[in-house]
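Colleague: All residue numbers for the sequence shown refer to numbering that gives the first Met the number 0, where the first residue is 0 and numbers rise by one.
Even glycine gets a Cβ: it sits at the ideal position worked out from N, Cα and C.
Attaching a single structure in structure tokens format; questions to follow.
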Amino acid sequence: MYFSLSELRVMAEDIQQKLEKYRTAPFDARFPNQNQTRNCWQNYVDFYRCQKALDAKGVDTAPCDWYKRVYKSLCPLSWIEKWDTQREDGTFPGKI
């Protein structure tokens, strides 16, 4: 799926408005249970996928910040540090 620059700007503005309103992770119907491990993981992976995709297009990666805010709200710091190290070492198990 490809978007024009004007569509990306509109999406970025929409996400920016959402970022200003959210202080913690909102409800995600894909993860309805109390255990938010998968939600944490998915938002971490989505953040880096989003950055990679927008960097490749040469556009601002600000829309990706929403995913970062969510995963930082849900994920334990030790997991984030471990995953960051794994990404740097090329051993991260997820597909980014």
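Runs of 4 residues minimum, wholly inside the stretch 23–72: which ones carry the alpha helix (DSSP H) assignment?
Modeller: The stretch 23–72 contains these whole alpha helix (DSSP H) runs: 36–56.
Colleague: So what's Lys94 in DSSP terms, helix, strand or just coil?
Modeller: Counting from one through the sequence shown, the residue named residue 94 turns up at place 95. Of the three classes helix, strand and coil, the one that applies to Lys94 here is coil, per DSSP.
Colleague: Under 8 Å, with one C-beta from each stretch per pair, do the stretch 41–52 and the stretch 60–71 reach the 3-pair mark?
Modeller: Touching, per the Cβ criterion.
Colleague: Distance cutoff 9 Å, beta carbons only. Does Cys74 sit that close to anything in chain D?
Modeller: Absent here is chain D; the protein component of the structure consists of one chain.
Colleague: Give the straight-line distance between the Cα atoms of Asn32 and Asn38, rounded to the nearest whole angstrom.
Modeller: One-based indexing of the sequence shown puts residue 32 at position 33. One-based indexing of the sequence shown puts residue 38 at position 39. Cα to Cα, the separation comes out at about 10 Å.
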